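There are 2 protein chains.
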Amino acid sequence: MRLAELGELKTIEMIKKITSAPRLTNRASRFIKVGIGDDAAVLKEGNVVTTDAYIEDVHFSLDYFSLYQIGQRVACGTLSDIAAMAATPIALFISALLPSKLEQRQLKQLYAGMLSIADKFGCRISGGDIVAYPKLGLILTAIGKTRTPKLRSTAQPGEYLYVTGFCGLAETGRLALKQKFPKKDFIQSIKRHTCPCPRIFEAIKLKKYINALIDTSDGLSTDVFHIAEESRVKIKIFADKLPMHKETYNLYNWVIAKSKTTPQSVVQKMRTKLHTRAILQPLKDEIASHTLEMTNPLALNGGEDYELLFTSAYQKLPAKITGTKITRIGKIEKGSGVYLIKDNKEIRLYPKGYDHFQ
Amino acid sequence: MRLAELGELKTIEMIKKITSAPRLTNRASRFIKVGIGDDAAVLKEGNVVTTDAYIEDVHFSLDYFSLYQIGQRVACGTLSDIAAMAATPIALFISALLPSKLEQRQLKQLYAGMLSIADKFGCRISGGDIVAYPKLGLILTAIGKTRTPKLRSTAQPGEYLYVTGFCGLAETGRLALKQKFPKKDFIQSIKRHTCPCPRIFEAIKLKKYINALIDTSDGLSTDVFHIAEESRVKIKIFADKLPMHKETYNLYNWVIAKSKTTPQSVVQKMRTKLHTRAILQPLKDEIASHTLEMTNPLALNGGEDYELLFTSAYQKLPAKITGTKITRIGKIEKGSGVYLIKDNKEIRLYPKGYDHFQ
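Shown next, in the form of C-alpha cells:
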C-alpha cells in the first residue's frame with residue numbers, strides 16, 4: 001500500500017510502532033523519559049527536544065511571504081512545540097535546503113527572521129546544515145529546558161479544557177491574504193498567520209494550573225483528539241464557547257458579500273491547493289443554505305493557530321495572562337472520543353487536519 | 359550575489375557570522391558551551407547535538423541503494439558527528455520528506471535501516487516529523503552524552519595527526535559501484551560506502567590519547583583544513599603515510615585496464631553528477647602521463663570515509679583499536695595552512711571537498 005492511500009496519521013502511527021519496539025529501550029531508556037508521541041521528546045535530565053520540517057509549496061509559499069517572514073514563521077512553529085511542553089527554549093538547530101539561485105541578501109533576511117524569534121525567547125541558533133536544493137526547505141530542531149514537562153497524555157476525567165487566544169484566527173488571515181480581501185479588516189489574523197508568536201511566556205505563567213498540554217497546530221478538533229487519544233478520555237467541546245475573533249466574522253461577511261453574485265465561483269476560487277477542503281465544504285453548505293452559525297468550521301479545523309490547548313482541574317482561570325485571552329471550552333469525562341456539544345446535542349468529531357499524503 | 363557564486367564554505371561562514379552576534383548569547387550562554395562551528399553543539403550539562411540533512415540525488419541515489427541501505431547510511435553519517443565529539447549517542451530525531459508514491463514496506467525498510475544503526479550504538483529514535491514531498495529526504499538530529507567533548511579547535515603545535523581506518527575507501531567503493539567494476543574486488547570499500555559504521559566505540563577507547571578531533575566526511579584535506587583553521591595551527595601531512603586500502607589500488611588497476619583502450623572515454627564516464635570532479639581531474643592527468651603515484655588524490659579528496667581524524671601529544675599509539683587501524687599521518691606546527699610533504703617538498707593544500715552550490 002502506498003503512503004498516499006495509507007494517509008498521514010496512519011503513517012505516523014506505523015513509524016511510532018516500528019521505532020518503539022521494547023528491544024530499543026535498554027540503554028537509551030536511562031536517558032529518555034518520553035519518546036515519540038508528544039509535542040517533544042523528554043530527556044531525563046530536563047531537556048525537551050522537538051523537530052519540525054517546513055517545505056516550500058507545502059508549508060509556505062514564496063508568493064506572499066518574504067524571506068524574513070518565512071524565517072519568523074518556521075521559528076515560531078518550532079518553538080510552539082517547546083511551549084506545548086511548558087519549557088523554555090535554549091537552542092535552535094537549522095537544516096536549510098537552499099536554492100542556489102537564492103541571493104545572499106535573501107539568505108540574510110531568512111536567518112534574520114529566525115534570529116528575531118530566537119532572540120525574543122532568549123534561545124540561540126547553535127548549529128545546522130545546508131544543502132543546495134531547488135526548493136527552499138527548513139528543518140528546525142529546538143531544545144528546551146524544564147524539570148516538569150507537561151504532556152498530552154495526562155488529562156483526567158473531571159478536568160476542564162481551555163484554549164488561549166482565538167480559534168481559527170491564523171486560517172482567517174491566510175484565507176484573507178489568499179483572497180486579497182482588504183488587509184485593514186484582517187490585521188490581527190494576518191499577523192497570527194504570518195508570525196504566530198509561540199505561547200512560551202503564557203505556558204510558563206499558566207503552568208501551575210495546567211495538567212495536560214498541547215499546542216493547536218493541526219486544527220482544534222485534531223489537537224483535542226490527540227489529548228483524548230493519548231490520555232484515554234472523552235472530551236466534550238461546547239460549540240458556543242469557542243473563542244472567535246471578529247475578523248473571522250469579517251471573513252464570513254466578505255465571503256457572503258462576494259457570494260451574493262456568484263457563490264459557487266467564490267468557493268471554487270477559495271479551494272486552494274493547501275488545506276482548505278475540510279473547511280470549505282461546510283462553508284459552501286452554509287452559504288448555500290444562507291445560514292451562518294456561531295459554530296464556525298474555521299474554529300474547529302483551521303490549523304496553525306499555535307495556541308495552548310490544555311486541561312486543568314481549576315474551573316475558573318484568569319481571563320487573560322500577559323495580555324492573552326484564556327477561554328474554557330470543554331470538559332473531560334470518562335470514555336473516549338471527541339464530541340461537540342451544540343443545541344444540547346452531542347456530535348462526534350473526527351480529526352480533520354490536512355493530510356499531506358492524500 | 360547568488361549562493362551559486364558565493365559557494366558552500368562562504369555561505370556557512372556567513373550563517374555563522376549572522377547567528378553568532380554577541381547580543382544572542384545572554385541567556386542562552388548559560389546553557390550552551392560550544393555553538394555553531396564544530397561537529398556538534400555542546401550543551402553545558404553534557405549533551406552534544408548535531409543535525410544533518412540527506413537529500414535524494416544530492417547525497418544518495420535510489421538507483422543503486424536500497425531503502426534499508428539509505429536508512430543505515432544517513433544514521434551512520436549523523437552518528438559519526440557524535441563520534442567526532444567522542445560522545446555516546448542517546449537519541450535520534452528523524453524528519454522525513456516522503457514521496458507519497460512510496461510503498462508502506464519501503465518505509466518500513468527505511469526505518470529498519472536507521473533502527474539497525476541506532477540499536478547497534480544503543481540510542482533511540484525519539485521523535486521526528488514527516489512531510490509529503492516528491493523527493494526522499496532525511497534530516498537527522500542526534501543527541502549524545504559526554505562531560506568531556508573533544509573539539510576541532512584545540513590542536514596544539516608539537517602534536518601528531520592521526521587517522522583511523524583508510525583514506526579514500528568510501529569513494530573507492532562509490533566509484534567501483536558506479537563503474538560496475540567486479541564487486542568481489544571491492545568488498546570492503548563498497549561496505550564503507552554503503553554502511554560507513556561511525557567510530558563511536560573507537561572514539562571512546564581512544565579518548566585518553568585525543569586532543570583535537572573531527573570526523574572525515576568532506577575529504578581528508580578539507581577536514582584537516584578545518585582543524586588547522588579552528589585551532590589556528592599549521593598542519594603537515596606526510597604523503598607516504600596515508601593509509602590506503604588495497605582496493606583503492608584495485609580501482610586504479612581497473613581504470614588503467616580500461617584506459618588502455620580509451621582513456622578519455624573512461625574518465626568521461628566516471629565524471630558523474632556527484633562529487634568527482636576534484637578527484638577525476640588529477641586522475642585524468644595521471645592516466646594521461648602514465649604515472650601513478652602513491653599520493654592518491656582519492657585519499658586526500660574522497661569524502662564520506664567517516665573516520666576519526668585527531669591530534670595527539672603521543673608519538674606512538676596502538677596500531678589497532680577494536681580492530682580498526684590507527685595511522686600517524688602528520689604533525690602540528692606553529693603557523694597556518696595545510697601542507698602535503700612529498701619528496702621533501704611542502705605543497706600547500708586547499709579544501710577540495712564537493713561544493714553543493716557550485
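Chains as they are written, first to last, in the numbering used here: chain A, 1 to 358; chain B, 359 to 716.
In this text, a Cβ means the ideal position worked out from N, Cα and C, and glycines have one as well.
Small disclaimer: the values here were computed from a predicted structure and weren't measured.
Quiz item: Excluding sequence positions up to five away, which residues of its chain have a Cβ less than 8 Å from the Cβ of B:Q430?
Solution: G471, M472, S474, I475, T552, C553
Quiz item: Whose C-alpha, out of B:L437, B:F451, B:S484, is nearest the C-alpha of B:K478?
Solution: B:L437
Practice problem: Determine the DSSP secondary structure at B:F328, reduced to helix, strand or coil. | Solution: Because chain B spans 359 through 716 in this model, residue 328 of chain B falls outside it and cannot be assessed.
Quiz item: Skipping 5 residues on each side, what residues in its chain have a beta carbon closer than 7 Å to that of A:A87?
Solution: V48, G144, K145, T146, P149
Exercise. Could you tell me whether the Cβ atoms of A:V131 and B:I413 are closer together than 8 Å?
Key: yes
Quiz item: So which residues on chain B does A:S66 lean against when the C-beta distance must stay under 7 Å?
Solution: What A:S66 touches in chain B: nothing, since even the nearest Cβ is about 17 Å away.
Quiz item: Roughly how many angstroms separate the alpha carbons of B:Y708 and A:Y68, rounded to a whole number?
Solution: 35 Å
Exercise. Starting from A:I12, find everything on chain B with Cβ-Cβ shorter than 7 Å and list it in chain order.
Key: I488
Practice problem: Would you mind giving the Cβ-Cβ distance between A:C199 and A:T164, rounded to the nearest angstrom? I have them listed as a contact below 8 Å. | Solution: The question names Cys, but residue 199 of chain A in the sequence shown is Arg. The Cβ separation is near 6 Å, so the contact holds.
Quiz prompt | Check whether B:Y697 and B:I705 have beta carbons under 8 Å apart | solution = yes
Quiz item: Taking the C-alpha atoms as reference points, what is the distance between A:T374 and B:K703?
Solution: Because chain A in this structure spans residues 1 to 358, residue 374 of chain A falls outside the shown range and cannot be described.
Quiz item: Can you tell me whether DSSP reads A:Y111 as helix, strand or coil?
Solution: helix
Quiz item: When the Cα of B:T369 is compared with those of A:R174, A:W254, A:E45, A:Q106, which residue comes out closest?
Solution: A:Q106
Quiz item: CB-CB under 8 Å to B:E665, same chain, minus the five flanking residues each way: which ones, in chain order?
Solution: V521, T522, G523, F524, C525, R557, D573, T574
Practice problem: Could you name the residues of the stretch 100-115 of chain A whose beta carbon sits closer than 8 Å to any beta carbon of chain B, in the order they occur along the chain? | Solution: S100, K101, L102, E103, Q104, L107, K108, Y111, A112, L115
Quiz item: Mind listing which residues of the stretch 137-151 of chain A have their C-beta closer than 8 Å to chain B's C-betas, in chain order?
Solution: G137, I139, T141, I143, K145
Quiz item: Along chain B, which residues have their Cβ under 9 Å away from the Cβ of A:Y350?
Solution: None at all; the shortest Cβ gap to chain B is about 20 Å.
Quiz item: Should A:F60 be flagged as near chain B, meaning a C-beta pair shorter than 8 Å?
Solution: no
Exercise. Answer with buried or exposed for B:G681, where buried requires no fewer than 16 other C-beta atoms within 10 angstroms of its C-beta.
Key: exposed
Quiz item: By DSSP, does B:G660 sit in helix, in strand, or in coil?
Solution: coil
Practice problem: Can you tell me the Cβ-Cβ gap for A:L92 and A:A40, rounded? I've got them flagged as a contact below 8 Å. | Solution: Going by Cβ atoms, the distance from A:L92 to A:A40 rounds to 13 Å, so no, they are not a contact pair.
Quiz prompt | Cross-chain neighbours of B:N405 in chain A, by beta carbon under 7 Å | solution = N47
Practice problem: Report yes if the C-beta distance between B:G365 and B:S378 is below 8 Å; otherwise report no. | Solution: no
Self-check item: Cβ-based neighbour list, A:G335, same chain, cut-off 6 Å, excluding 5 preceding and 5 following
Solution: K234
Quiz prompt | Contact residues within the stretch 475-486 of chain B, judged by C-beta distance below 8 Å to chain A | solution = A476, D477, G480, C481, R482, I483, S484, G485, G486
Quiz item: Hey, how far is the Cα of A:K184 from the Cα of A:Y209?
Solution: 36 Å
Quiz item: In terms of DSSP beta bridges, what is A:F93 paired with?
Solution: A:G127, A:T141
Quiz item: Under the rule that 16 or more other beta-carbon atoms within 10 Å means buried, what is B:A415, buried or exposed?
Solution: Here residue 415 of chain B turns out to be Asp, not Ala, going by the sequence shown. By the 10 Å Cβ count, B:D415 comes out exposed.
Quiz prompt | Identity of the residue in B:K678, B:C555, B:K689, B:D598 nearest B:A441 by Cα | solution = B:C555
Quiz item: Beta-carbon separation of A:I329 and A:F238 under 8 Å?
Solution: yes
Quiz item: In the DSSP assignment, what are the bridge partners of B:G695?
Solution: B:K592
Practice problem: Note down, in chain order, every chain A residue with its Cβ under 9 Å from the Cβ of B:A449. | Solution: A28, F31, I32, G35, A41, L43, V49
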